[in-house]
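If you're matching positions, the sequence shown starts at 1 in the UniProt record's numbering and goes up one per residue.
Glycine included, each C-beta is placed from N, C-alpha and C at the ideal position.
Remarks on the structure that follows.
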Amino acid sequence: MRHVGVVVNPTAGRGRGARVGRRVHELLTARGTKVEDLSAPTLAQATDRARAAAVRGLDALVVVGGDGIVHLGVNVVAGTGLPLGVVAAGTGNDMARALGLPRGDVDAAVAVVERALHDGPRRVDAVRVGTPEHSAHEWYLGVLSCGIDAAVNARANRLTWPGGSARYVRALAAELAGFRPYGYRVTLDDRTWESPGTLVAIANAPWFGGGLQIAPDARMDDGLLDVVVAGPLSRRAVTGIFPGIYRGRHVHHPAVQVLRARSVLVEPVAAHGAVPPAAFADGERVGPLPLRVQVDPGALAVLA
């Protein structure tokens, strides 16, 4: 009998997560799987429970919710052989989109989990991020933001409506009111980009912000990061190129570059502009710059 740990974010999808979680338990149990509920009142407590269960022995960890709960799962299983299953029940679901998993169909999502448990998981890249002075790090799967994209993410997290990318649009409008370019030094494998800037996003997957295609050519299994940088854009210019992010057209703007690397160091440079905001990864706060980012090819097994 397979033994699967399940972590549910009950608040995901405006409360839909709890209902989806119950359905996941029903479906897995009905097919003869031993299901261990590892959910907890906070994500930190759920992380502790999931790690303890993984040490005791699981065949897979399945997370139910949005990108925040996927981020939790990645930080439990990345770098191990334990596979991660995802049942998307959030408002953005960028990670499920990037992995080609069902969104809004719990029965189909559980069917994918069961099929992959039988056939074997898919290996994708995961990304380590931490301060350059220490070896401690956390993992992310999608996109690390450390420009106006991060400031907008922080503001969007404080909003209760609307959902998906519409909340990101509302947050951007508010954030632009006091915006001025930030100062950066971005050191990649074989080059350095140093400039006043508007946006720095280090992507392992194409989407963030509930469907915004920030890095349209990013792939989760190529061993590379797509580093999207934008020079000092005016408020008017930011507003002008933002709609193009939905389809990835912003990468054709002359102020925007997409660079590729395996390792990236992002540092603030006061001489070039304002101090960049604290970085976010998969929509979760990571912390202030400087940060070192390193892709780890094939570090994550996913039930996909």
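Rounded to the nearest angstrom, how far is the Cβ of residue 305 from that of Ala281, given a contact under 8 Å?
-> Residue 305 falls outside the range modelled here, since the chain spans only 1 to 304, and no answer is possible.
Buried or exposed: Arg247, going by 16 or more other Cβ atoms within 10 Å of its Cβ?
-> By the 10 Å Cβ count, Arg247 comes out exposed.
Endpoints, the alpha helix (DSSP H) within which His118 is located | Segment Val106 to Asp119, the alpha helix (DSSP H) holding His118.
Just confirm the distance between the C-beta atoms of Ala304 and Val112, as a whole number of angstroms; I'd bet it's less than 8 Å.
-> Contact flag correct, Cβ pair sits at about 7 Å.
C-alpha gap between Arg185 and Arg292, whole angstroms | The alpha-carbon separation between Arg185 and Arg292 amounts to approximately 12 Å.
Which first and last residues belong to the beta strand (DSSP E) in which Gly287 is found?
-> Segment Glu284 to Gly287, the beta strand (DSSP E) holding Gly287.
So, is Asp149 buried or exposed, given that buried needs 16 or more other C-beta atoms within 10 angstroms?
-> Buried, by the Cβ-count rule.
Buried versus exposed call for Arg97 [16 or more other C-beta atoms within 10 Å across all chains shown] = Its Cβ being crowded by 16 or more others within 10 Å, Arg97 is buried.
Determine the contact status of Pro102 and Val302, defining contact as a CB-CB distance below 7 Å.
-> When the beta-carbon positions are compared, Pro102 and Val302 stay at least 7 Å from each other.
Per DSSP, Ala3 is paired with what?
-> First, the residue type needs correcting, since residue 3 is His and not Ala in the sequence shown. Beta-bridge analysis with DSSP links His3 to Lys34.
If we count Cβ pairs, one from each stretch, closer than 8 Å, do we get three or more for the region 184-201 versus the region 62-79?
-> The region 184-201 vs the region 62-79: no contact.
Cα-Cα separation between Arg170 and Ile214, rounded to whole angstroms | Whole-angstrom Cα-Cα distance: 17 Å.
Option nearest Val269 by Cα separation, candidates Asp67, Gly147, Asp105 and Ala174 | It is Gly147.
From Pro232, Ala177, Ser145 and Arg158, pick the residue whose C-alpha is nearest to that of Pro206; which is it?
-> Taking only the C-alpha atoms, the option nearest Pro206 is Ser145.
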